[in-house]
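Asks:
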Amino acid sequence: MEKKLLKKYIHWLYGLFFGMVGFFILLFFLISAGALGFMPSFEELENPKTNLATILYSSDNEVLGKFFRENRTNVTYEELNPHVVNALISTEDIRFYNHSGVDARGLGRVLFRTIIMGEKSSGGGSTITQQLAKLLFHDPARNLWQRSLQKLKEWVIAVKLERSYTKQEILTMYLNKAPFIYGAYGIESAAHTFFSKPLDSLRVEEAATLIGMLKNPALYNPIRRPELTQNRRNVVLSQMRKARHITTEAFDSLKMLPLKIRFQRDDHIHGLAPYFREYLRLVLSAEKPDRKNYASWQEQQYIEDSIAWLEDPLYGWVNKNLQADGTQYDIYRDGLRIYTTIDSRLQKYAEDAVAQHLGQDLQPHFFFEKKGRTRAPFTGNITKEQYESIINRAIRNSDRYRYLKRKNLEWDSIMSVFREPVQMEVFSWNGNIDTIMSPLDSIHYYKSFLRASLLSMDPQSGQVKAYVGGPNYQHFKYDMVSMGKRQVGSTIKPFVYTLAMQEGLTPCDMVPNIPQTFYLPTGKTWTPGNSGSARAGEMVSLKWGLANSNNNITAWVLKQFNPEAVVNISHELGIKSPMDPVPSIVLGVSEFGLDEMVAAYCTFANKGVHVEPLMVTRIEDRYGNVISSFSPRKREVLSEETAFLMLNLLEGVINQGTGIRLRLKYRFNAQIGGKTGTTQNHSDGWFMGVTPNLVTGIWVGGEDRDIHFDNLYYGQGANMALPIWALYMKQVYEDEKTSITEEDTFEEPANFNLNLECPDENIPANEDQIEGNSSGYYEDEFF
43 MEKKLLKKYI HWLYGLFFGM VGFFILLFFL ISAGALGFMP SFEELENPKT NLATILYSSD
103 NEVLGKFFRE NRTNVTYEEL NPHVVNALIS TEDIRFYNHS GVDARGLGRV LFRTIIMGEK
163 SSGGGSTITQ QLAKLLFHDP ARNLWQRSLQ KLKEWVIAVK LERSYTKQEI LTMYLNKAPF
223 IYGAYGIESA AHTFFSKPLD SLRVEEAATL IGMLKNPALY NPIRRPELTQ NRRNVVLSQM
283 RKARHITTEA FDSLKMLPLK IRFQRDDHIH GLAPYFREYL RLVLSAEKPD RKNYASWQEQ
343 QYIEDSIAWL EDPLYGWVNK NLQADGTQYD IYRDGLRIYT TIDSRLQKYA EDAVAQHLGQ
403 DLQPHFFFEK KGRTRAPFTG NITKEQYESI INRAIRNSDR YRYLKRKNLE WDSIMSVFRE
463 PVQMEVFSWN GNIDTIMSPL DSIHYYKSFL RASLLSMDPQ SGQVKAYVGG PNYQHFKYDM
523 VSMGKRQVGS TIKPFVYTLA MQEGLTPCDM VPNIPQTFYL PTGKTWTPGN SGSARAGEMV
583 SLKWGLANSN NNITAWVLKQ FNPEAVVNIS HELGIKSPMD PVPSIVLGVS EFGLDEMVAA
643 YCTFANKGVH VEPLMVTRIE DRYGNVISSF SPRKREVLSE ETAFLMLNLL EGVINQGTGI
703 RLRLKYRFNA QIGGKTGTTQ NHSDGWFMGV TPNLVTGIWV GGEDRDIHFD NLYYGQGANM
763 ALPIWALYMK QVYEDEKTSI TEEDTFEEPA NFNLNLECPD ENIPANEDQI EGNSSGYYED
823 EFF
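Each position in the sequence shown, counted from 1, maps to that position plus 42 in the working numbering.
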């Protein structure tokens with residue numbers, strides 16, 4: 043009886059065993075077939091979908107920034123840092139090279155030590171391949187049943203992965219896919235984010251830190267929990283010691299090191315050249331212009347965009363080019379590599395120069411002038427009605443107003459919200475400030491900061507080397523290089539003089555320094571004036587006239603031609619903005635963009651050949667294949683001799699005129715041409731600097747034209763904009779790697795034999811010009 047009962051139990055146990063085996067075989071078959079939920083096909087295993095960031099490179103191969111939904115940059119196995127690989131295998135899967143996706147010993151350890159014995163520190167049973175399967179194909183489980191089913195699916199997927207890929211490929215895929223925090227996906231992005239260096243430059247302790255974070259990136263956050271993260275790093279180092287990847291002596295030394303995090307978050311706000319990166323993003327993704335998508339006052343913008351769509355291959359690139367499968371490129375996930383013309387060194391020098399002059403010099407003077415004044419930071423001449431109109435327009439342009447308007451609030455209720463103090467972080471040149479301020483006060487606060495923009499181009503290739511759209515992209519997002527247009531003042535005068543040089547006049551031709559009267563179609567007359575009477579009534583050279591920004595001489599040149607001729611030559615030189623053909627055009631009443639002005643001045647340095655700004659040289663796909671390349675668009679505008687004569691005139695501005703502080707204060711010895719500019723009421727300050735291999739334009743002013751210095755001493759272009767050029771070029775010249783030196787010279791045309799040493803070459807505009815130039819020279823601009 044007992045034998046029969048024992049036999050029965052044995053049969054029952056065998057049946058149970060084989061039944062369970064059959065159940066699991068059927069279960070795994072159903073999982074593999076996709077009957078119990080989604081399972082990837084073999085094709086999907088071979089080509090897992092991964093969002094890859096588009097990377098922007100500088101011309102000197104530095105990463106400028108990225109466009110991404112997931113900040114991920116794939117690397118090959120050969121590019122992986124050995125310390126990272128050793129740390130990962132030592133910590134996560136010591137038998138990685140000995141299993142086929144599922145580690146039986148690891149599962150046994152989990153079953154007996156973790157589940158039965160309750161040892162939480164005994165480690166998990168998931169192999170690296172299983173973790174990759176989880177990252178590739180599963181959303182987070184919502185309950186225990188889902189997670190259990192996912193775990194079984196991971197086993198199946200892990201086995202398939204092991205059959206489809208080599209161990210090296212699996213390691214690479216996992217490290218490329220692994221999520222960190224602060225928007226970093228993959229080990230390459232993590233290296234840049236937390237240590238500001240490429241993956242191959244990581245030290246062993248840095249590699250251990252990143253691998254340690256993978257257990258729980260939010261918990262082991264080196265920014266918020268450095269001590270906890272350091273302890274986790276040391277656990278990884280200990281595992282590496284046990285696996286004999288580092289010696290005991292090395293471990294003892296490394297575990298004592300601090301984390302030394304160099305955090306640099308990759309986003310569209312921070313980092314180098316943020317205005318440039320945003321401009322490029324908008325240009326690449328631009329759609330074909332449709333007039334109905336533009337406001338009534340945006341006619342000129344529509345015209346310029348339409349021309350760009352037809353002539354500029356970069357404008358709307360995403361919508362003009364298709365992938366091999368017929369789909370559009372996605373700059374946020376296709377892993378493109380965009381090689382820009384920006385020089386990272388010049389870009390940093392430009393940003394530093396803007397910050398230094400605005401933050402340390404100009405802004406303190408502006409605050410001092412406006413302190414205690416009614417309706418500051420606006421000019422004291424503004425009326426109450428004008429002031430209220432500007433502030434109300436700023437309120438209506440804010441995101442807060444649009445949000446409240448969607449809530450159907452009336453104006454009075456909206457203003458109550460704008461007057462209510464709230465906690466906010468605001469900009470200052472000494473760092474962001476946490477404060478309590480009403481939104482209305484914050485509008486006044488931000489309007490009190492002067493803005494500046496800088497664009498630097500290689501005149502021969504058209505390559506844009508530095509692009510600064512404003513003082514701080516996080517707080518001042520309006521880009522004054524390509525989006526804003528302001529009156530250009532006397533920087534337009536070289537365009538007028540170009541007409542004279544074209545028609546056979548020379549810099550040393552003498553003309554009378556007397557007022558010039560124009561008869562207008564209305565029957566009235568107009569006579570431009572000067573700020574002083576220096577050399578009034580004398581015969582002066584054209585070079586002296588431009589050097590000292592003398593309105594009499596510019597008006598005399600205009601009289602030899604006509605306003606229409608100035609409009610035509612300006613457009614030939616590269617100005618796209620509309621211009622009214624009126625006599626006052628010679629005083630710079632027209633509004634141009636900084637990008638137009640720099641491109642126009644490049645024509646002089648490029649021997650009369652106009653070149654459009656070039657910002658990208660090529661675009662590659664994620665595999666390194668070149669899918670688009672870009673070359674400069676050029677056209678001959680002036681003769682080589684005319685261009686050289688204009689350079690000589692512009693050199694006169696620096697050697698004897700309104701830009702002479704570059705010689706006296708900043709001690710430049712290089713060949714430099716330039717032109718200062720100041721507009722009505724000192725609202726805008728300009729400086730255009732021309733050297734043989736670099737042309738740089740700078741604009742400085744307020745957000746609104748009624749925000750400006752009330753005195754010409756600080757408000758002129760020679761004080762507002764020129765010092766930024768000086769600070770920038772000092773660093774450029776000192777950097778031997780830039781190949782731009784003070785020994786560069788303007789090339790004289792062949793068979794050129796004109797005498798350009800004028801009789802009044804060194805005669806100043808007035809007795810105190812040279813004495814006062816170190817602190818400011820008053821230009822003849824608008825009077």
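Note that beta-carbon positions come from the ideal geometry of N, C-alpha and C, so glycine has one too.
Taking the alpha-carbon positions, what's the T533 to R703 distance?
Replies: The residue labelled residue 533 in the question sits at position 491 within the sequence shown. The residue labelled residue 703 in the question sits at position 661 within the sequence shown. Taking the straight line joining both Cα atoms gives about 17 Å.
Asks: Could you give the distance in angstroms between the alpha-carbon of S280 and the alpha-carbon of I229?
Replies: Residue numbering aside, residue 280 sits at position 238 when the sequence shown is read from its first letter. Residue numbering aside, residue 229 sits at position 187 when the sequence shown is read from its first letter. About 21 Å.
Asks: For A598, count neighbouring Cβ atoms within 10 angstroms of its own Cβ and tell me buried if that reaches 16, exposed if not.
Replies: For the purposes of this step, residue 598 is taken as residue 556 along the sequence shown, with counting starting at 1. The question names Ala, but residue 598 is Trp in the sequence shown. Flag for W598 reads buried.
Asks: Short of 7 Å in beta carbon distance, which residues of its chain neighbour K239, apart from the five on each side in sequence? Order them along the chain.
Replies: The residue labelled residue 239 in the question sits at position 197 within the sequence shown. Only A233 meet the Cβ criterion.
Asks: What did DSSP end up calling A233 once you bin it into helix, strand or coil?
Replies: By 1-based counting over the sequence shown, the position of residue 233 is 191. Three-state DSSP puts A233 in a helix.
Asks: On a CA-only basis, which of A685, G313, A760 and R205 is nearest A542? Give me that one, please.
Replies: The sequence position of residue 542 within the sequence shown is 500, counting from 1. Ranking the options by Cα distance to A542, first place goes to A685.
Asks: Here's the rule: buried if 16 or more other CB atoms are within 10 angstroms of the residue's CB, otherwise exposed. What is H312?
Replies: By 1-based counting over the sequence shown, the position of residue 312 is 270. Exposed, because fewer than 16 other Cβ atoms sit within 10 Å of the Cβ of H312.
Asks: Give a single yes or no on whether I627 has its beta carbon closer than 7 Å to a heavy atom of the ligand NAP.
Replies: Absence of the ligand NAP is noted for the structure shown, with no ligands found whatsoever.
Asks: My output table needs one value for S286: the three-state DSSP class, helix, strand or coil.
Replies: What you label residue 286 is simply residue 244 of the sequence shown in a count that begins at 1. Before going further, note that residue 286 is Arg rather than Ser in the sequence given. DSSP places R286 in coil when its eight states are reduced to three.
Asks: Locate the beta strand (DSSP E) running through M457, then write down its first and last residues.
Replies: On the sequence shown, position 415 is the one that residue 457 refers to. Per DSSP, M457 belongs to no beta strand (DSSP E); it is in the alpha helix (DSSP H), W453 to F460.
Asks: Need the endpoints of the beta strand (DSSP E) that K676 sits in, please.
Replies: Within the sequence shown, residue 676 is the residue found at index 634, counting from 1. Taken as a continuous stretch (DSSP letters only), the beta strand (DSSP E) holding K676 covers K676 to E678.
Asks: Using a Cβ-Cβ cutoff of less than 7 Å, which residues in the same chain neighbour V272 once the five nearest sequence positions on both sides are dropped?
Replies: Here residue 272 is taken as the residue at index 230 of the sequence shown, counted from 1. The residue asked about is misnamed: residue 272 is Gln in this sequence, not Val. Once the five neighbours on either side are set aside, the close Cβ partners of Q272 are L301.
Asks: State buried or exposed for R274, treating a residue as buried only when at least 16 other CB atoms are found within 10 Å of its CB.
Replies: Sequence index remark: in the sequence shown, residue 274 carries index 232 (1-based). Burial call: buried.
Asks: Would T457 and V468 be called neighbours here (beta carbons separated by less than 8 Å)?
Replies: One-based indexing of the sequence shown puts residue 457 at position 415. One-based indexing of the sequence shown puts residue 468 at position 426. The displayed chain sequence assigns Met, not Thr, to residue 457. Their beta carbons are not under 8 Å apart, which means M457 does not touch V468 by this criterion.
Asks: From the DSSP secondary-structure annotation, give me the bridge partner or partners of P221.
Replies: Position 179 of the sequence shown, counted from the start, is the residue given in the question as residue 221. Paired residue(s): Y227.
Asks: Please determine, among K195, I485, Y443 and S619, the residue with the shortest C-alpha to C-alpha distance to R417.
Replies: On the sequence shown, position 375 is the one that residue 417 refers to. Cα-wise, what sits closest to R417 is I485.
Asks: Under 8 Å between the Cβ atoms of K330 and G358?
Replies: For the purposes of this step, residue 330 is taken as residue 288 along the sequence shown, with counting starting at 1. For the purposes of this step, residue 358 is taken as residue 316 along the sequence shown, with counting starting at 1. A contact, by the Cβ cut-off of 8 Å.
Asks: Express the C-alpha separation of H517 and Y445 in angstroms, rounding to a whole number.
Replies: By 1-based counting over the sequence shown, the position of residue 445 is 403. By 1-based counting over the sequence shown, the position of residue 517 is 475. Taking the straight line joining both Cα atoms gives about 19 Å.
Asks: Would you report the Cα separation of V774 and T783, rounded to the nearest angstrom?
Replies: Position 732 of the sequence shown, counting from 1, holds the residue named residue 774. Position 741 of the sequence shown, counting from 1, holds the residue named residue 783. Answer to the nearest angstrom: the Cα atoms are 8 Å apart.
Asks: Look at the alpha carbon of W351 and the alpha carbon of E341, and state the distance between them as a whole number of angstroms.
Replies: Stepping through the sequence shown from its first residue, residue 351 is reached at position 309. Stepping through the sequence shown from its first residue, residue 341 is reached at position 299. Rounded to the nearest angstrom, the two C-alpha atoms are 15 Å apart.
Asks: Hey, which unbroken runs of the beta strand (DSSP E) at 3 residues or more fall wholly within the segment 544–603?
Replies: Complete beta strand (DSSP E) runs here, min 3: 552–554 and 581–583.
Asks: Measure the C-alpha to C-alpha separation of A250 and Y374 and round it to an integer number of angstroms.
Replies: The count along the sequence shown starts at 1 and reaches residue 250 at position 208. The count along the sequence shown starts at 1 and reaches residue 374 at position 332. In a straight line, the C-alpha of A250 is about 30 Å away from that of Y374.
Asks: Per the DSSP calculation, G731 is bridged to which residue(s)?
Replies: Numbered from 1 along the sequence shown, position 689 holds the residue referred to as residue 731. Beta-bridge pairing links G731 to G716 and T738.
Asks: Reducing DSSP to helix, strand and coil, say where R747 ends up.
Replies: If you number the sequence shown from 1, residue 747 lands on position 705. Residue state, collapsed to three classes: coil.
Asks: Apply the 10 Å Cβ neighbour rule to E248 and answer buried if 16 or more other Cβ atoms are within range, or exposed otherwise.
Replies: As a working mapping, residue 248 is identified with position 206 in the sequence shown. Buried, by the Cβ-count rule.
Asks: Under 8 Å between C-beta atoms, does F420 make it to chain D?
Replies: Absent from the structure: chain D. Only one protein chain is present.
Asks: Could you work out which residue in D622, I253, Q389 and M762 is closest to Q402 when comparing CA atoms only?
Replies: The residue you call residue 402 lines up with position 360 of the sequence shown. Considering only alpha carbons, the answer is M762.
Asks: Under the assumption that I829 contacts L322 (Cβ atoms under 8 Å), give the Cβ distance between them as a whole number of angstroms.
Replies: The requested residue 829 does not occur in the structure, where the chain is confined to residues 43 to 825.
Asks: Would DSSP call G107 helix, strand or coil?
Replies: Taking the first residue of the sequence shown as position 1, residue 107 is located at position 65. Here G107 sits in strand by DSSP.
Asks: Taking all protein chains shown into account, decide if N815 is buried (16 or more other Cβ within 10 angstroms of its Cβ) or exposed.
Replies: Taking the sequence shown and counting its residues from 1, the one referred to as residue 815 is at position 773. With a pLDDT of 31 at N815, under the threshold of 50, the predicted position of this residue should be treated as unreliable, though the coordinate-derived value follows. Label assigned to N815: buried.
Asks: Keeping to the same chain, check which residues put their C-beta closer than 7 Å to that of R111; ignore five residues upstream and five downstream.
Replies: Position 69 of the sequence shown, counted from the first residue, corresponds to residue 111. Cβ neighbours of R111 beyond the five flanking positions: N93, Y374 and R375.
Asks: List the DSSP bridge partners of F634.
Replies: Within the sequence shown, residue 634 is the residue found at index 592, counting from 1. Answer is R528.
Asks: Would P791 pass as a contact of E614 if the rule is Cβ separation under 8 Å?
Replies: Mapped onto the sequence shown, residue 791 falls at position 749. Mapped onto the sequence shown, residue 614 falls at position 572. Cβ atoms of P791 and E614: not closer than 8 Å.
Asks: Is it buried or exposed for E638, if we count other Cβ within 10 angstroms and need 16 for buried?
Replies: Here residue 638 is taken as the residue at index 596 of the sequence shown, counted from 1. The residue is buried, with at least 16 neighbouring Cβ atoms inside 10 Å.
Asks: Would you tell me roughly how many angstroms separate the C-alpha atoms of R528 and I432, rounded to the nearest one?
Replies: Reading the sequence shown from its first residue, position 486 is the one you call residue 528. Reading the sequence shown from its first residue, position 390 is the one you call residue 432. Approximately 17 Å between the Cα atoms of the pair.
Asks: Cα-Cα, which of H310, L244, N276 and R114 is closest to F222?
Replies: Residue 222 sits at position 180 when you count from the first residue of the sequence shown. Out of H310, L244, N276 and R114, R114 has the C-alpha closest to the C-alpha of F222.
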